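This report refers to the structure that appears directly beneath it.
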Amino acid sequence: KAGVTQTPRYLIKTRGQQVTLSCSPISGHRSVSWYQQTPGQGLQFLFEYFSETQRNKGNFPGRFSGRQFSNSRSEMNVSTLELGDSALYLCASSLDWGADPEAFFGQGTRLTVV
Amino acid sequence: AQTVTQSQPEMSVQEAETVTLSCTYDTSENNYYLFWYKQPPSRQMILVIRQEAYKQQNATENRFSVNFQKAAKSFSLKISDSQLGDTAMYFCAFMRGNKLVFGAGTILRVKS
Numbered sequence: 114k115a116g117v118t119q120t121p122r123y124l125i126k127t128r129g130q131q132v133t134l135s136c137s138p139i140s141g142h143r144s145v146s147w148y149q150q151t152p153g154q155g156l157q158f159l160f161e162y163f164s165e166t167q168r169n170k171g172n173f174p175g176r177f178s179g180r181q182f183s184n185s186r187s188e189m190n191v192s193t194l195e196l197g198d199s200a201l202y203l204c205a206s207s208l209d210w211g212a213d214p215e216a217f218f219g220q221g222t223r224l225t226v227v
Numbered sequence: 004a005q006t007v008t009q010s011q012p013e014m015s016v017q018e019a020e021t022v023t024l025s026c027t028y029d030t031s032e033n034n035y036y037l038f039w040y041k042q043p044p045s046r047q048m049i050l051v052i053r054q055e056a057y058k059q060q061n062a063t064e065n066r067f068s069v070n071f072q073k074a075a076k077s078f079s080l081k082i083s084d085s086q087l088g089d090t091a092m093y094f095c096a097f098m099r100g101n102k103l104v105f106g107a108g109t110i111l112r113v114k115s
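Protein sequence lines, in the order shown, are assigned to chains A and B.
Just so we're on the same page, my numbering is the position in the first sequence counted from 1, plus 113.
Just so we're on the same page, my numbering is the position in the second sequence counted from 1, plus 3.
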């Protein structure tokens, strides 16, 4: 079956702009999580959605937001981009953490803010 | 707060030899899950092995096995018969609720 698909793979944006990243989870998976990976901070949890509801949110400013659609696809948005937002953004899907705690990751979106 | 510590930033091993990556974590919970993920240069995070805290038996997946010491809050990964394809960043992760908390990672280089 198809894996987790993230689009786009690479993105270059200018400071102050906004960006939207997309994640299509594995078919049948209802939970989608987002992580930010940087050399300095490592992997940090952004938020998790399940059945269109945000269940958990990490310690990120309000410029970072997300949503999930009825088909479980998820988007995350970053507004007013800063240089420090340059990172690899990883999406992970799972059936449901409570039922089967295993996450499958996409290949990530590499965001560069200039 | 749950924290995960990987004390070895980099490690090297000769092909066909065995290597152990260390991980310690801090939690006050009794039931939880621990994972090792591999991230090769392609950046794809791949689950290597999973351990449930209530299971005393150490998890094993082919050449990969863990040494889970719950009282010591230690969760090391042993890779036997190392292969060139094992070269990657390895992350130890702790799960509670519906999120993962990752360690800083260990870069493993397998040499021929």
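Cβ atoms here follow ideal geometry from the backbone N, Cα and C, with glycine treated the same way.
Bear in mind that the values here come from a model prediction, so they are computed numbers and not experimental data.
Task: DSSP bridge partner residues for F71 (chain B) (one or two, in chain order) - done: Answer is B:F78.
Open item on the list: My parser needs the beta strand (DSSP E) runs of 3 or more residues fully inside the stretch 119-157 of chain A; what are they?
Closed with: If only uninterrupted beta strand (DSSP E) runs of at least 3 residues are considered, those enclosed by the stretch 119-157 of chain A are 123-126, 132-137 and 144-151.
Task: is_contact[M14 (chain B), chain A] using C-beta, thresh 8 Å - done: Cβ-Cβ to chain A under 8 Å: no for M14 (chain B).
Open item on the list: Could you tell me the alpha carbon to alpha carbon distance between S135 (chain A) and E165 (chain A), rounded to whole angstroms?
Closed with: CA-CA distance, S135 (chain A) to E165 (chain A), rounds to 14 Å.
TODO: Taking 8 Å as the threshold, find out whether the stretch 10-22 of chain B comes into contact with the stretch 74-87 of chain B through three or more Cβ pairs.
DONE: Flag = yes, the stretch 10-22 of chain B and the stretch 74-87 of chain B touch.
Open item on the list: Could you tell me the alpha carbon to alpha carbon distance between A107 (chain B) and K41 (chain B), rounded to whole angstroms?
Closed with: Annotation: A107 (chain B) to K41 (chain B) spans about 12 Å, alpha carbon to alpha carbon.
Task: Straight-line gap, F177 (chain A) to C95 (chain B) (C-alpha atoms, nearest Å) - done: Whole-angstrom Cα-Cα distance: 26 Å.
Task: Cβ of F158 (chain A) within 8 Å of any chain B Cβ - done: Chain B contact via Cβ: present.
- [ ] May I ask you to report which of helix, strand or coil DSSP gives L194 (chain A)?
- [x] DSSP places L194 (chain A) in the coil class of the three-state scheme, outside both helix and strand.
Task: Cβ-based burial, S144 (chain A) [other Cβ within 10 Å; buried from 16] - done: The residue in question, S144 (chain A), is buried, as its Cβ has 16 or more Cβ neighbours within 10 Å.
Open item on the list: Assess contact between the stretch 216-223 of chain A and the stretch 114-128 of chain A, defined as three or more Cβ pairs (one per stretch) separated by less than 8 Å. Is contact present?
Closed with: Contact holds: three or more Cβ-Cβ distances are below 8 Å.
Task: Where D29 (chain B) falls: helix, strand or coil (DSSP) - done: The answer is strand: DSSP assigns D29 (chain B) an E or B state.
Task: Cβ-Cβ distance between I110 (chain B) and P43 (chain B) below 8 Å - done: No, they are not a contact pair.
Task: Rounded C-alpha distance that separates Q167 (chain A) from F160 (chain A) - done: One C-alpha to the other measures close to 7 Å.
Open item on the list: Measuring alpha carbon to alpha carbon, tell me which residue in A:Y162, A:F182, A:V227 and A:K170 is nearest A200 (chain A).
Closed with: The shortest C-alpha separation from A200 (chain A) is found at A:V227.
Open item on the list: Suppose you measure from the CA of M98 (chain B) to the CA of L194 (chain A); what does that come to, to the nearest Å?
Closed with: Cα to Cα, M98 (chain B) sits roughly 30 Å from L194 (chain A).
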